[in-house]
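Inspection log for the structure reproduced underneath, given as C-alpha cells.
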Ligand SMILES: [Fe+2]
Ligand SMILES: [Fe+2]
C-alpha cells in the first residue's frame, strides 16, 4: 500500500521538519475559548523577531495606515488572530525550508517563494469566492508542496531523477514521482500533515491540490488551493520545479462560482500581495 510505503519513509528519516514552537503555542491559544488579544500578544512578544515582523506587516504599505503602529496589541487587533497565525506559520516555514540544504541544484528558495505565492493566491481566490475561512486556505496553500521538501532531503538521489525527468519530458512532477517513487508529493505531504496533527481540512487541501483523484468530492478550499497553485505558477512567483504551468481543473473554477471577468483583478492582487508578503517575511 502506498501509505505504508510513505510511512516507512517518514519513520526512517532523521530529518523531519518540525513546526515552530510559537506556532503550536499560538494554535492552542487560538483554539481556547478564552483567548484574548493580550494573551496572543504575550506569546508573540516572547519571540522578538516575530514581534518585529508583526509590526512591520501592520505598518506595511498594504494596510496603509497614516500613523505608525507601535503597539503589538494594536497590531494584533488590526490584523486579527488568524492573520497573525498565518504570518507566524509562513515565517516558520521559511525557517524550515532554509534549514534543509540540498546539494543537487534544486532551488529551495524558489520553492519557498512558490509556497508563499500559492498561499497568497489561494487566499485571494478564497476571498473573491467569499469563503469564510480564508486563513485556513492560506495555510493549506503554504504547505501544499511540503512533500517535495521531504523528498528532496530524504530521497535525494531519486529526487534528482524526478527533477531531471520533469525537465526532459515536460511531464508533471506527480507523474514523474509516481513512476520513480511509487507515490507523489501530495501523498507525502498528506502523511506529514497528519503526523503534525493538522486539521482535516488542511490535510485535504495538501492531499488533493492537484485534484489527481478526480473532482467528485472537490471542496471549495481544495479548489482555491488548486487555483492558487495554477495562478502563482502562471505569474512565475517562485518555482515548484514544474516545467509547464499546471492546467487548472475546470471544475475547481466552477465550484468557486467565479466569473472570468474576476480573473484579471485576482491576478493583479496576487502579484501585489505576494511582493508585500515576501518582503515582510524576509526582513
Ligand atoms: Fe504540488
Ligand atoms: Fe505547487
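Residue numbers (this note's numbering): 196 to 478.
Even for Gly, the Cβ is constructed at its ideal location relative to N, Cα and C.
Give every residue of the same chain whose Cβ lies closer than 6 Å to the Cβ of residue i, excluding the five residues on either side of it in the sequence, and list them in chain order.
i, result
"residue 401", "338, 339, 384, 385, 388"
"residue 316", "423, 426, 427, 465"
"residue 403", "417"
"residue 257", "471"
"residue 321", "329, 332, 419"
Any chance the CB of residue i is under 7 Å from a heavy atom of ligand 2?
i, result
"residue 356", "no"
"residue 421", "no"
"residue 414", "no"
"residue 403", "no"
"residue 424", "yes"
"residue 435", "yes"
"residue 439", "no"
"residue 309", "yes"
Within the same chain, show all residues whose beta-carbon is closer than 7 Å to that of residue i, passing over the 5 residues directly before and after it, in chain order.
i, result
"residue 196", "Residue confidence is low: residue 196 scores 47 on pLDDT, short of 50, so the model does not pin down where it sits. Its coordinate-derived value is still stated next. Within the same chain, residue 196 has no close Cβ partners at all."
"residue 475", "248, 251, 252, 255"
"residue 284", "218, 334, 337"
"residue 330", "277, 278, 280, 281"
"residue 452", "324"
"residue 392", "none"
"residue 207", "none"
In chain order, what residues of the same chain lie with their CB nearer than 8 Å to the CB of residue i, ignoring the 5 residues before and after it?
i, result
"residue 267", "236, 239, 240, 246, 249, 250"
"residue 350", "204, 376"
Which of the three DSSP states, helix, strand or coil, is assigned to residue i?
i, result
"residue 330", "helix"
"residue 243", "helix"
"residue 407", "coil"
"residue 221", "helix"
"residue 309", "helix"
"residue 359", "helix"
"residue 196", "In this prediction, residue 196 has a pLDDT of 47, which is less than 50 and means its spatial position is unreliable; what the coordinates show is noted afterwards. Correct three-state label for residue 196: coil."
"residue 228", "coil"
"residue 373", "helix"
"residue 466", "helix"
"residue 424", "helix"
"residue 391", "coil"
For ligand 1, is there any heavy atom lying closer than 7 Å to the beta carbon of residue i?
i, result
"residue 340", "yes"
"residue 431", "no"
"residue 380", "yes"
Below 8 Å on the Cβ atoms is my guess for residue i versus residue j; work out the distance and round it to an integer in Å.
i, j, result
"residue 381", "residue 342", "6 Å"
"residue 294", "residue 365", "Actually they do not touch by this definition, with Cβ atoms about 31 Å apart."
| Any contact of the region 298 to 312 with the region 432 to 441, i.e. 3+ C-beta pairs under 8 Å? | yes
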